[in-house]
Every structure is written in structure tokens, then in C-alpha cells.
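Asker:
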Amino acid sequence: MTTEINVGVKSQIKTALAEVNKRDIKNVFFVACGGSSALMYPSKYVMDREAKGIDSYLYSSNEFIYRNPVKLGVNSLVILCSHSGTTPETVESAKFARSKGALAISLTNEPESPLAKESDVFLKYEWGKEADAFATNYSVMYQLVFGVLNLVENNDKYERIEKNLEKLQSTYNRVLKHTAAAAHEFAEKHQDEKIIYTMASGANYGVAYSFAICILMEMQWIHSHAIHAGEYFHGPFEILDKETPFIILLGLDETRHLEERALSFSKKYGEKLTVLDAKEYDLSDIDEEVKGYIAPLVLNYVLRQYADKLAEKRNHPLSLRRYMWKVEY
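So the sequence shown is numbered by UniProt numbering: it starts at 1 and just counts up by one.
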């Protein structure tokens with residue numbers, strides 16, 4: 001069954017790339033809201049590191065429309081994501097992109113959703129504990145991004161990243177076993193906290209951002225903020241004391257030094273520090289050349305385990321909402 005799903009994912013990517021091939025793509029816009037924004041950050045990082053001629057931009061869906069980027073047009077690829085495919089701002093962004101002549105490719109878990117119908121091409125990803133990593137949202141996004149780079153600029157990492165993503169589920173399984181006890185301990189220690197900050201940089205920042213605004217704020221009603229490690233010493237470090245909890249992510253990309261510097265300082269003056277370091281995980285299946293790109297996917301998977309344990313300990317289900325989908329906004 002897994003093999004059939006993976007073949008289906010590859011077929012979807014092939015269809016999307018065929019549409020890209022019909023255009024003269026000069027720029028790529030990554031557009032999403034909330035949790036879906038998380039996969040846009042590492043994808044933008046990939047484009048910044050790998051693209052030689054393609055410009056790339058990252059927008060919140062609503063701002064994308066209001067700012068009306070002057071470079072958006074017939075030579076643009078707009079990549080959008082919404083899990084339900086019903087996020088109004090993202091659906092409108094797909095319409096807006098197409099009205100400007102851009103190619104709109106969306107990722108969603110719901111193929112019959114408004115977003116899927118308003119896009120030129122949609123890519124369905126799998127979701128849930130039974131889904132193989134290769135067919136989930138981060139993986140599908142990476143396959144699309146590296147596919148575009150290969151098609152437009154002859155980037156040679158497409159097949160390599162695809163092969164590594166096919167091994168990702170076994171990596172997830174090993175890492176999850178390794179971090180299970182730590183996730184339980186985190187939940188025990190933080191179940192009564194009113195605020196928890198998250199910090200990261202580079203390709204990992206989107207993971208910190210998503211965990212802060214979606215898991216902690218939206219799903220657990222815990223005050224939070226995603227701090228960029230490169231900005232830590234330009235204001236945010238003043239909030240650090242022995243009673244303030246921080247989650248600090250350490251990845252494997254070129255910006256790791258920023259995260260290490262922030263952690264080193266935090267250890268001097270803070271005590272409630274939870275450190276998730278990709279170097280401590282068994283990523284032996286992953287090629288060294290792409291580990292920096294894969295690390296955010298692994299960190300995100302680990303943090304989801306932390307979220308599940310925290311929600312369970314607090315008796316506050318991740319599905320519980322106060323306003324979202326319940327009142328007009």
C-alpha cells in the first residue's frame with residue numbers, strides 16, 4: 001500500500017512539473033497561513049541556497065493579496081498550502097495569483113476543497129499517524145521545489161532528495177523512540193506553564209514558528225512567540241530568566257552557529273531550557289549533503305510528539321478551540 005501511495009505522489013509531482021515546463025518561470029511565491037506556513041520556510045531556504053536565477057518570496061496569504069507584488073505575473077509560480085483547503089485567505093490567494101497570469105499549485109489534504117478547485121494543479125498529501133513520511137506535506141513540498149529547480153535550472157539534487165525522502169519514515173521511527181522519554185518529561189515539567197518561547201534559525205525557523213502559534217497558542221492556549229536565533233541578541237534575550245521556559249532547536253544547516261550562540265547564552269542565565277538538537281538523532285539513512293534540509297522535517301516530527309504528550313498531560317486536546325471555526329472572525 002505504501003508503495004502505491006508513493007507512486008501516486010511521484011505521479012502528482014510529474015503532472016505539476018509538466019505544467020511548470022509550459023511556463024518560463026522567473027520567480028516563485030510561497031503563500032500560506034498558520035501551520036501551513038511551516039513548510040514554506042524550509043522550502044524558501046532551499047530556494048535561497050540552491051536557485052541561481054529564480055527569485056523566491058514568502059507571504060502570509062492575506063498579505064500576499066494586499067501587497068500585490070509587482071513581480072507577480074505570467075512568469076510566476078505560486079505555491080500554496082492549506083490542510084483543509086478551505087482557508088479563505090489562501091483560496092483567495094490562488095484566485096488572485098491566477099488573475100495575474102501566474103501558475104498556482106496548491107498542496108492540500110482535501111482534493112475536493114475550494115483551494116484545489118481554484119488552483120491550476122493541486123497535490124494531495126497524506127496525513128495522520130498511518131501516513132508514510134514520503135507522502136506527507138513536507139515531503140511533497142520538497143519534491144515539488146527540488147523538481148522545479150531541476151526542471152528550470154538543472155539542479156542535480158532532485159533524485160537525491162527523492163531517495164532520501166523515501167527513507168524518511170524509518171528515520172522518523174528511530175528518532176521517535178529516541179525522544180519518547182524526553183517528550184514525556186517535557187510534558188511533566190511544562191504542564192502548568194503559562195508561557196513557552198520557541199527559538200530557531202534558518203531552515204528550522206518555520207518549525208519553531210508553527211509550534212509557537214499553532215500548537216502552543218492555538219491548540220493549548222499557552223502564550224508563546226517564535227524567536228529567530230539571529231534576532232535573540234537584539235531584544236528578545238532580555239526576557240530570559242531562570243523561570244522562563246524556552247524550546248531551542250538546533251538544526252544542521254549553515255545557520256546552526258546562530259542557534260548554538262543563543263543556546264550558549266541561555267545556559268548561563270536560564271534554567272528551563274528544552275533543547276532539540278538534530279545532531280543527537282540517528283540520521284544515518286540520510287545523505288550528508290541534504291541533512292541540513294531534512295533536519296527541519298525531523299525536528300517538526302519530534303515536536304509533534306512533544307505536543308501530543310503536553311496535551312495529554314494538561315487534559316487539553318489539540319482539537320479544542322475557543323474561537324476558531326466557532327465564531328465569526
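Beta carbons are placed, not taken as given, at the ideal position from N, Cα and C, and that holds for glycine.
Is the stretch 152-163 close to the stretch 271-281, with three or more CB pairs under 8 Å?
Answerer: Short answer: they don't touch.
Asker: Taking C-alpha atoms, which residue in 54, 205, 83 lies nearest to residue 42?
Answerer: Of the candidates 54, 205, 83, the one whose C-alpha sits nearest the C-alpha of residue 42 is 205.
Asker: Between which two residues does the alpha helix (DSSP H) containing residue 21 stretch?
Answerer: Counting along the chain, residue 21 falls outside any alpha helix (DSSP H), and DSSP gives it neither H nor E.
Asker: For residue 377 and residue 228, I'd like the C-alpha separation in whole angstroms.
Answerer: Residue 377 cannot be examined here, being either before or after the span of the chain that is shown, 1 to 329.
Asker: Is residue 36 near residue 48, with beta carbons less than 9 Å apart?
Answerer: The answer is no: Cβ separation not under 9 Å.
Asker: Helix, strand or coil for residue 243 per DSSP?
Answerer: Coil.
Asker: Can you tell me which of the three DSSP states residue 273 falls into?
Answerer: Here residue 273 sits in strand by DSSP.
Asker: In angstroms with no decimal places, state the Cα-to-Cα distance between residue 219 and residue 136.
Answerer: Taking the straight line from one Cα to the other gives about 21 Å.
Asker: What distance in whole Å lies between the Cβ atoms of residue 20 and residue 58, which are believed to be in contact at a cut-off of 8 Å?
Answerer: Not really, about 19 Å apart at Cβ, beyond 8 Å.
Asker: Taking residue 81 and residue 60 to be in contact with their CB atoms under 8 Å, please state how far apart those CB atoms are, rounded to whole angstroms.
Answerer: Not quite, the Cβ-Cβ distance comes to about 12 Å (not below 8 Å), so this is no contact.
Asker: Under a Cβ-count criterion, where at least 16 other Cβ atoms within 10 Å of its own Cβ denotes burial, should residue 293 be classed as buried or exposed?
Answerer: It is buried - the Cβ of residue 293 has at least 16 other Cβ atoms within 10 Å.
Asker: Which residues in the same chain as residue 74 place their Cβ atom closer than 6 Å to its Cβ, once the five residues preceding and following it in sequence are excluded?
Answerer: Cβ within range, chain order: 101.
Asker: Is the Cβ-Cβ distance between residue 242 and residue 202 less than 9 Å?
Answerer: No; because the gap between Cβ atoms is not below 9 Å, this pair is not in contact.
Asker: To the nearest angstrom, how far is the alpha carbon of residue 198 from that of residue 173?
Answerer: Cα to Cα, the separation comes out at about 24 Å.
Asker: Which of helix, strand or coil does DSSP assign to residue 3?
Answerer: In the structure shown, residue 3 sits in a helix (DSSP, three-state: H, G or I).
Asker: Could you give the uninterrupted runs of the beta strand (DSSP E) lying entirely in the stretch 165-226, keeping only those of 3 residues or more?
Answerer: Segments of the beta strand (DSSP E) lying fully in the stretch 165-226: 197-200.
Asker: Does DSSP put residue 329 in a helix, in a strand, or in coil?
Answerer: In the structure shown, residue 329 sits in coil (DSSP, three-state: anything other than H, G, I, E or B).
Asker: At the level of alpha carbons, what is the spacing between residue 13 and residue 193?
Answerer: Approximately 43 Å between the Cα atoms of the pair.
Asker: Less than 9 Å separating the beta-carbons of residue 266 and residue 248?
Answerer: It is a contact, given that the beta carbons lie within the stated cut-off.
Asker: Between residue 25 and residue 54, which are expected to be in contact by the criterion C-beta below 8 Å, what is the C-beta distance as a whole number of angstroms?
Answerer: Between residue 54 and residue 25 the Cβ distance is about 7 Å, and since that is below 8 Å, they are a contact.
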